[in-house]
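Step one of this worksheet: look at the structure below.
There are 4 protein chains.
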Amino acid sequence: MLVRLRKGLAPDQIETVLALCRELGYAPRFLGAERQMLELEGAGRPSHRSLLEDLAGVVEVLATGDARELHQADPRTSATQVRAAEARFGAGAISLIAGPCAVEDEQALLHIARGVRARGATLLRGGAYKPRTSPYSFQGLGRPALEMLARVRAEVGIGVVTEVLDTRDVEAVAEVADMIQIGARSMASSPLLLEVGRTMKPVLLKRGFGATVRELLMAAEFLLSTGNDQVVLCERGVRSFDDCTRNLLDVGAVAFLARETHLPVIVDPSHSAGRSDLVRALARSGMAAGADGLIIEVHPRPEQTHSDGQQAISLCELGRIRRDIEALAALGEARLVIPADHATPTEPALPAGDAP
Amino acid sequence: MLVRLRKGLAPDQIETVLALCRELGYAPRFLGAERQMLELEGAGRPSHRSLLEDLAGVVEVLATGDARELHQADPRTSATQVRAAEARFGAGAISLIAGPCAVEDEQALLHIARGVRARGATLLRGGAYKPRTSPYSFQGLGRPALEMLARVRAEVGIGVVTEVLDTRDVEAVAEVADMIQIGARSMASSPLLLEVGRTMKPVLLKRGFGATVRELLMAAEFLLSTGNDQVVLCERGVRSFDDCTRNLLDVGAVAFLARETHLPVIVDPSHSAGRSDLVRALARSGMAAGADGLIIEVHPRPEQTHSDGQQAISLCELGRIRRDIEALAALGEARLVIPADHATPTEPALPAGDAP
Amino acid sequence: MLVRLRKGLAPDQIETVLALCRELGYAPRFLGAERQMLELEGAGRPSHRSLLEDLAGVVEVLATGDARELHQADPRTSATQVRAAEARFGAGAISLIAGPCAVEDEQALLHIARGVRARGATLLRGGAYKPRTSPYSFQGLGRPALEMLARVRAEVGIGVVTEVLDTRDVEAVAEVADMIQIGARSMASSPLLLEVGRTMKPVLLKRGFGATVRELLMAAEFLLSTGNDQVVLCERGVRSFDDCTRNLLDVGAVAFLARETHLPVIVDPSHSAGRSDLVRALARSGMAAGADGLIIEVHPRPEQTHSDGQQAISLCELGRIRRDIEALAALGEARLVIPADHATPTEPALPAGDAP
Amino acid sequence: MLVRLRKGLAPDQIETVLALCRELGYAPRFLGAERQMLELEGAGRPSHRSLLEDLAGVVEVLATGDARELHQADPRTSATQVRAAEARFGAGAISLIAGPCAVEDEQALLHIARGVRARGATLLRGGAYKPRTSPYSFQGLGRPALEMLARVRAEVGIGVVTEVLDTRDVEAVAEVADMIQIGARSMASSPLLLEVGRTMKPVLLKRGFGATVRELLMAAEFLLSTGNDQVVLCERGVRSFDDCTRNLLDVGAVAFLARETHLPVIVDPSHSAGRSDLVRALARSGMAAGADGLIIEVHPRPEQTHSDGQQAISLCELGRIRRDIEALAALGEARLVIPADHATPTEPALPAGDAP
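Protein chains in written order, with our numbering: chain V, 1 to 356; chain B, 357 to 712; chain W, 713 to 1068; chain C, 1069 to 1424.
See the structure below:
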């Protein structure tokens, strides 16, 4: 049984609740100021629940196991819509995030930001801090990349999503980002989840490639437990024994999450495909499973990027995916939220070499 | 290096080719009358290839590794269309297979056959021989079920797909079935693949839940090597560490196969979902990834079936999926092939209890 | 609820039991002469159990779910020992199976049979029918290979284990083999399991690379349901996302099976390692987890074999593994059963090129 | 191509090297002061290598791909031995780490520290910061737990291993711990790896449950790149589709690592088994595969612990495992390093309830 206490309860008030719990025969444990909860162990009686709920310092009593967790869809209330810059996710709104893997060159970033915005993207992705497997791979430019993102954002008027790996960088990232990404490798880092949640910024939470759907939801629960409900889940493929794609896109998880949680879910077709010629098919497939948006790697000259170049698509292919999304959305009751000044999907002139 | 010989070559003619190969410095091995091929080991010279191809008994010489395998898409020729009863799979044609898991009761089968046909299905699925995990589970009725399928087929005018598990049953199944299914558990059984291939009946080949895409293609290659090109591949989900769905539907494999092979690919959303409320989302997702059709478990009263009841959907839900397919097909250049007398998707009166 | 009937019960006697079941409110189903069981569906009462058990034709009544299955260890009885030629598996006895992947050349087979016997192997493995992924790979010599095995067995005095893939070949294989192997790819083939079980020959049942331990036990249950209790389980590695070994050897499954079933369990370190330099370490690891034996691929000149050459070890390395087994067995209360005339592990002269 | 620069090179000296690289036609990138390396892109010539190596500021030039990485075993040098308090891992030395999952109560910790030391453990494990899936589970006591560990260490004379999750806690943990653990969920966190590496304390690096062996080695490479070579790798089981154990212990990875890296490797049989009755078999199996030690969860009253109680074993069972290790070590050329004052494995009196 979990007892949620009022925020700002004084230590002696907490002690009063603890004393009553002990009298009722429980072994209570205070779960810390962060969560402001007591965990009670022992075989209690149903009547204790209302007794505890009558106390001034207690907000609610949750029976472990059957308690409604914060991520769960509740038939009485509507889906949560997450808002970041012009983007809207969930409750009928679909948004498109696009951009390069890593932020490397400001002119290129400016070009790509304009290009993806013209093709319907309301958020620019781009890594300042890159989670890499090898210490000998490019790890991102760090602070200078954050500054580039800030300038490009001001210049182009597009929101920015970027990843944070280290609790010590959260503040700096939160200053620049409209949405903070917690990557697949960091999904299970509770200190990072709590630190990012507390910024009250919208969060993009990617599923770990070895994580169950339940673990993804529990990572979301860490974020939600800080009082921040602006959480977008992201399915990006899981590890499997086959290698025809880089990761196995779990569309069943997308369908499951769309049904079981009130949080929006998006799909990353780039990291699941791992090759640019399958990105569009996976984008369509993820949307048809019920996703509220996509996050896609784009590069004007995919062969020149320093990381994950094989999976980046051209701006031209992004334009095709945007039209796919609009056609699929029209079949349901959803709509793609596009930048205010790009309502008509006209293909701008493409620089040479941009053919897919 | 593989040397494909003419069919019907006499033993002494084969011996002539073998002798030449040995003279050229190879260790040749005759791969059997079934495949009518020689495998040559040893470091040969490029010129040997044309030398061998000049021989009267030799059809072609394949360099192992880079030889075009029979399943591979060839830009010079079009996709293969598989035809079974009224169904057409591939080359722009989409078909719907539906029916109960196992054939148990003739009246119920008749009812369901009419119901699925009225909702656009051109093939009825139904197991006479069931591959089951436990010897204490219902294993299917066998021959009597085949006879029921034959009578219902004659009565309703719908084609029949049914599974065969044992090489000794292939002949009996081929007499009744318009399409023979090789199930996930039998995908790697080379004797069964060869025996089924030789019937020259259309084959539905399901991917094993632990099989790589390459292994699925090699199983297809066994079928194709018999000269039978009427092969439909089926993705039905693979094993994973997560259990929010029964099997993880590999839409990346669907997209990959649509690109790399000339054979049609369909999706089984029922066995991947494992729960009826996610079947429709996975059906849509599979179609959007590029599938040429679906195979779906339907039961008028899902709770009464003896096997896999949890994943069977109602006829009413099948009607919704049919409309999804038609909408998705309209976005591409494909079309759903429907029974001649059911062009208009009118929902017939449903029996009580058929609500999803 | 399952009702096990007496063997040889006449149809009208079965009908009497069925009628009573219906009167008690159940929907009974006869599971076939093979298993001589009824499955009862419906909400019954505990008293029905003894009522049914009182009937003359009923052997016992099993509550589905909590019924003791045939593979389960029973504290009241001892472990099953499987005996094939000189080999003994289980109940304190450890045996070693070794030999080439495929049977290809009689002289080589004779040489290897003598070599493995001299190093403690009591059974010779060798494939006449090979389950292969590609139709263009060597599929085994079939009948001629069976005949070679028979002659080598007579000559050397070593028992023979060989695999069967097709129900139609079971009789021919059973004539030659001292133990019939059901391979990983065929583990889930119920017709093959039943056909092999009925020969009453000892069976080596390999776990499918995508099969759960429960599924392996249910495959064993098919064999045991024929009345044949001479079943050895074999763990040979499962599919995973990593490729530092060919298959992931599941030593946890070995430990679990050693505890939960009365059947012996052996380990195949060759197919799990996939590379000869790791075979010995995996052999030791499997034995230490509680295995009752090993099956190992050996080739006097590993580089010359046509299939799976990379994982075959030399006779010399087999000698080292034999000494490892004896040392490990000495730590517990088990012993390696060796050929009667090779009690002393003297290393015979090795042919040139046999260094590991 | 990677160019390793001298440490402490001034910015203008780095600029000189960069300028030369540009003249030679490369696009050079400085990989940061941490690694003091340049990455060169472009098609160079073999002669450039020696040209660059002649520069005063350059230590060596590594051809990407074929460069020897820091973790790789080098036939010319011996295995690395890691030393932490009395423990020694690698190069023939085996050590045993044992203790509770989480640090909760000082008296209990004191009791258990004495108990595991008496049974041969040279390091006490115990979590102050627990990585947990749910925000509603016990997350560890944090700083107070570190203080308890410090006092128990002083009292009992046993070294301490404890986990760190957050870069901000590294300094505090390093003050108390003799060895710092990076857990499975944090294995891929490059900021944490670098921060922990820089403490120059011995590190216990656990493999992520969804991580490949290559990724584990690259995580080790992050640690080694800080100049800290006191790294012990730990295999603790990976995710799989089966649930007879909690995680699938990858003994093939242990055998592979023992061969391919100079770093010691230990096994965590507790987290792979997930149930106490299989821990001993997995401990033996891991040692037989070539491990240099074990880390085991022990609890005097396993049923009373707050986290992972099911897999904790009793002190008595730990005594049995210690004797297993000694017997297995005697077969090879390794030896268990035990506390100086506990050379004789006498079983001390056990508290009531300590039977396994």
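Cβ coordinates follow ideal geometry from the N, Cα and C atoms, glycine included.
Going by alpha carbons, who is nearest to residue i out of the options?
i                : options                                    : result
aspartate 1004/W : Arg716/W, Lys719/W, Ile809/W               : Ile809/W
glycine 127/V    : Asp12/V, Thr133/V, Ala108/V, Gly99/V       : Gly99/V
serine 490/B     : Ala932/W, Leu774/W, Ala796/W, Asp786/W     : Ala932/W
alanine 530/B    : Glu503/B, Ser545/B, Arg570/B               : Glu503/B
tyrosine 26/V    : Val103/V, Ala102/V, Glu41/V, Ile14/V       : Glu41/V
arginine 1266/C  : Ala1141/C, Val1244/C, Val1238/C, Gly1251/C : Val1238/C
valine 516/B     : Asp522/B, Met543/B, Cys457/B               : Cys457/B
serine 937/W     : Val729/W, Leu743/W, Glu727/W               : Leu743/W
serine 902/W     : Arg473/B, Gly688/B, Phe597/B, Ser493/B     : Ser493/B
leucine 782/W    : Ala1052/W, Leu929/W, His983/W              : Leu929/W
arginine 214/V   : Val559/B, Glu571/B, Phe597/B, Arg570/B     : Phe597/B
serine 1163/C    : Arg1390/C, Glu1401/C, Asp1409/C, Leu1399/C : Arg1390/C
aspartate 1053/W : Ala857/W, Gly1044/W, Gly895/W, Arg829/W    : Arg829/W
leucine 945/W    : Leu714/W, Ile726/W, Gln784/W               : Gln784/W
Just checking my contact of residue i with residue j at CB under 8 Å: how many whole Å lie between their CB atoms?
i                : j             : result
glutamine 181/V  : lysine 206/V  : 7 Å
arginine 595/B   : glycine 566/B : 5 Å
glycine 608/B    : alanine 273/V : 7 Å
glutamine 1298/C : valine 1347/C : Incorrect: roughly 27 Å between the Cβ atoms, too far for contact.
proline 269/V    : alanine 283/V : 4 Å
Can you have a look at residue i and say buried or exposed, based on whether 16 or more other CB atoms are within 10 angstroms of its CB?
i                : result
serine 790/W     : exposed
glutamate 1231/C : buried
glutamate 395/B  : buried
arginine 378/B   : exposed
aspartate 422/B  : Low confidence applies here, because aspartate 422/B scores a pLDDT of 46, under 50, leaving its location unreliable; read the following figure in that light. Classification for aspartate 422/B: exposed.
aspartate 1246/C : buried
aspartate 680/B  : buried
glutamine 463/B  : exposed
glycine 1276/C   : buried
proline 28/V     : buried
aspartate 430/B  : exposed
glycine 364/B    : exposed
So, using beta-carbon positions, are residue i and residue j closer together than 8 Å?
i                   : j                : result
isoleucine 1180/C   : valine 1405/C    : no
arginine 1047/W     : alanine 1039/W   : no
alanine 1349/C      : glycine 1002/W   : yes
phenylalanine 222/V : leucine 257/V    : no
alanine 611/B       : alanine 288/V    : no
methionine 37/V     : arginine 6/V     : no
leucine 1386/C      : proline 1368/C   : no
leucine 124/V       : isoleucine 158/V : yes
leucine 1316/C      : aspartate 962/W  : yes
leucine 408/B       : valine 415/B     : no
aspartate 989/W     : arginine 1327/C  : yes
alanine 900/W       : proline 367/B    : no
alanine 172/V       : arginine 153/V   : no
Legend entry - Minimum length 3: unbroken beta strand (DSSP E) runs contained in the region 856–882 of chain W: 871–875
Inset, instruction - Could you pull out every unbroken beta strand (DSSP E) segment of at least 3 residues lying fully inside the region 612–698 of chain B, listed in chain order? - result: You should have 621–623, 649–653.
Inset, instruction - Give, in chain order, every unbroken run of the alpha helix (DSSP H) that is at least 4 residues long and sits entirely within the region 382–443 of chain B. - result: 402–409
Legend entry - Unbroken stretches of the beta strand (DSSP E), 3 residues or longer, contained in the region 524–553 of chain B: 535–538
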